[in-house]
Amino acid sequence: MIECAHLIDGEWIAEGERFESFASYDGSPVGRAPIADPAMVDRAVQAARRALVESDWTTRRAADRGAVLLELANRLEAVIPEISELSTREMGKPIRLMRDREMKGAVDKFRYFAGAGRLLDGTVTGASPANVLDMTVTQPIGVCALIIPWNDPVDLAVRKIGAAMAAGCTMVVKTSEETPASTEALFRLLDDLPGLPNGVVNMIHGPGDPTGEALIAHPGIDKISFTGSTPTGKRIAEVAARRLTRVSLECGGKAPCLVFDDCYKEKCMDALAYGAFIYGGQSCTAATRIIVEDRFYDEFVAGLISRAEKMPAGDPLDEGTLLAPLVSDRQAARVQAFLDTVERDGGRFLLGGTLDGRYCPPTIVADLAPDAEVACTEVFGPVVTVFRARDEEHALEIANSTRYGLGGSVWTSDITRALRLSKRLEFGDIWINTHYIRQSETPFGGWKESGIGRELGLAGLREYLSNKRIAIDTADDFHLRTWFENPPKA
Ligand code: NAD
């Protein structure tokens with residue numbers, strides 16, 4: 012059992028009531044963490060504000076902040092095997108995905124932001140009169156509250172702290188109550204990190220209430236960046252609205268996949284089986300609404316079923332495992348409640364449909380209307396709804412008939428059709444003939460109820476900056492006095 016602690020002002024603090032996290036596979040305890048109450052939250056925010064005002068973190072060269080990030084990347088890279096094993100136990104993501112996708116991806120993101128901070132620039136308008144220099148510059152937005160979920164417990168923290176650090180902000184990170192030990196392992200790498208003043212990066216544990224609520228309502232917070240479910244995102248937006256605190260929200264999704272008869276069929280069926288089921292569909296861009304052109308529907312469904320049936324299930328620490336139990340009993344109960352609505356709503360299970368403890372088998376549902384609960388609400392489990400589409404227009408209509416707008420994919424060998432659909436799909440992230448390509452350089456984020464703002468890329472970095480316009484007049488006279496005395500001729 013790992014004894015967790017908060018990191019505040021460079022000190023590890025383990026005071027107060029505690030909660031435990033459990034291994035997804037066998038339910039054994041993994042971490043025991045303290046709950047940050049409002050007083051502890053205040054302590055963390057005060058530490059971040061002191062570091063903002065009193066340290067040289069915000070004012071130093073981006074290259075110097077970048078050097079800190081590069082060292083952090085090296086430290087993370089050196090412990091990939093250990094952190095992967097811990098996170099796989101706690102969260103349940105198969106070890107190969109955890110190690111080769113999440114952890115290596117996280118290292119790359121730190122390195123990206125280390126360099127990206129040096130690309131920040133401002134503008135000077137060329138439209139001014141000769142005596143005026145009118146410029147727009149950026150500065151760090153201030154103290155950030157960074158709230159993360161459990162499904163990528165390291166990578167989702169890195170996206171936020173990498174960008175916030177590169178921009179020169181200070182921060183308080185709140186871990187998820189399901190994965191405190193995995194996320195804390197990342198912050199342990201900050202101990203004695205050369206060049207990082209105490210208080211720049213603080214980390215606290217605790218549930219949404221009281222910890223998250225105290226953090227988002229704290230008057231010392233200038234910006235909230237949240238990743239998690241849409242209902243929580245809405246709650247955060249409501250609280251933030253009271254003080255007009257800036258927010259970025261990375262919320263839930265219900266990714267449509269538009270599959271046409273002219274696609275590369277084997278690749279499409281492989282990709283969507285992976286896209287739907289790996290790590291139990293616990294991804295915000297999991298391929299959960301598959302819309303197949305009528306002519307290909309039967310072959311596609313048979314191909315998806317046969318692939319899903321062959322996916323190895325078991326202990327996520329085994330190198331061969333692709334399917335493992337859901338993160339927690341709470342998540343399993345949530346998924347089961349969704350499955351209980353399928354037959355009530357006229358749906359039919361083509362595969363799966365019943366959980367065994369925390370393990371949910373790959374589940375494929377047909378015959379649901381696009382607005383049935385399971386068809387249009389994020390389940391966050393390995394549950395796919397398949398639809399028949401008469402033609403391209405019908406496929407598009409089903410795809411867009413959701414309140415989410417995060418990611419989706421289009422499967423066709425007709426590039427004109429792919430681009431035509433990409434323009435009309437109401438989603439922030441569109442893949443053509445693939446699913447799940449993510450790069451540090453390109454922004455990621457949702458439309459509609461999937462969120463506000465972007466992560467990654469330069470757009471993700473700019474979320475942590477405030478614009479400031481500065482105008483300088485080199486003329487001897489004040490322009491309005493001159494204007495009144497010599498009004499411009501009509
Ligand atoms: P969640 O909304 O339950 O919790 C997310 C985080 O918010 C946790 O740290 C939680 O403690 C905190 N929280 C809960 N209530 C809060 C409150 N009132 N005030 C402040 N903080 C509060 O989500 P989850 O179950 O942890 O994660 C799964 C969700 O995350 C899914 O909906 C998934 O789609 C979403 N997600 C989105 C992205 C993205 O980039 N868009 C990425 C990963 C996961």
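Residues in the sequence shown are numbered from 12 upward in steps of one, following my numbering. Built from N, CA and C at the ideal position, the CB exists for glycine as well.
query	result
Inter-stretch contact at 8 Å, needing at least 3 Cβ pairs: the segment 340–352 / the segment 122–141	no
For arginine 300, the residue or residues it bridges with in DSSP	Pro267 and Thr396
Candidates Ser259, Phe311, Tyr370 and Pro208: closest to leucine 476 by CA position	Ser259
Integer-rounded CB distance, given that valine 338 should sit under 8 Å from glutamine 293	6 Å
DSSP beta-bridge partners of proline 45	Arg29
Exposure label - glutamine 450; buried when at least 16 CB within 10 Å	exposed
Sequence ranges, alpha helix (DSSP H) only - wholly within the segment 290–356, length at least 4	305–321 and 340–350
Assumed close pair aspartate 340, arginine 369 - CB separation to whole angstroms, cut-off 8 Å	6 Å
Presumed contact (8 Å Cβ cut-off) between alanine 324 and leucine 334, rounded CB distance	4 Å
Beta-carbon gap between leucine 417 and cysteine 295 smaller than 8 Å	yes
Cα-Cα separation between aspartate 281 and isoleucine 375, rounded to whole angstroms	15 Å
Valine 303 versus leucine 315: straight-line alpha-carbon distance, rounded	12 Å
Residue range of the unbroken alpha helix (DSSP H) whose run includes glycine 358	Note, glycine 358: premise wrong, no alpha helix (DSSP H); not H, not E.
Methionine 12 (DSSP reduced to helix, strand or coil)	coil
Rounded distance between the beta-carbons of threonine 186 and alanine 59, thought under 8 Å	Contact doesn't hold; Cβ gap of about 16 Å is too wide.
Identity of the residue in Leu87, Phe360, Glu22 and Arg107 nearest aspartate 119 by Cα	Leu87
Where the alpha helix (DSSP H) containing isoleucine 91 begins and where it ends	91–102
Any non-hydrogen atom of the ligand NAD closer than 7 Å to glutamate 188 Cβ	yes
Length of the line joining the Cα atoms of glycine 456 and aspartate 402	28 Å
Local Cβ density within 10 Å of alanine 74, reported as buried at 16 or more and exposed below that	exposed
Option nearest leucine 2 by Cα separation, candidates Ile481, Thr453 and Thr485	Because residue 2 is not part of the residues shown, which for the chain are 12 to 501, the question remains open.
Contact test: arginine 129 Cβ vs the ligand NAD heavy atom, cutoff 7 Å	no
Methionine 176 classed as buried or exposed, judged by whether at least 16 other C-beta atoms fall within 10 angstroms	buried
Reduced DSSP secondary structure (H/G/I, E/B, other) of threonine 243	helix
At least three beta-carbon pairs within less than 8 Å, the segment 90–102 to the segment 436–451	no
For valine 394 and arginine 217, the rounded distance between their alpha carbons	First, the residue type needs correcting, since residue 217 is glycine and not arginine in the sequence shown. Whole-angstrom Cα-Cα distance: 29 Å.
DSSP three-state assignment for alanine 383, whether helix, strand or coil	coil
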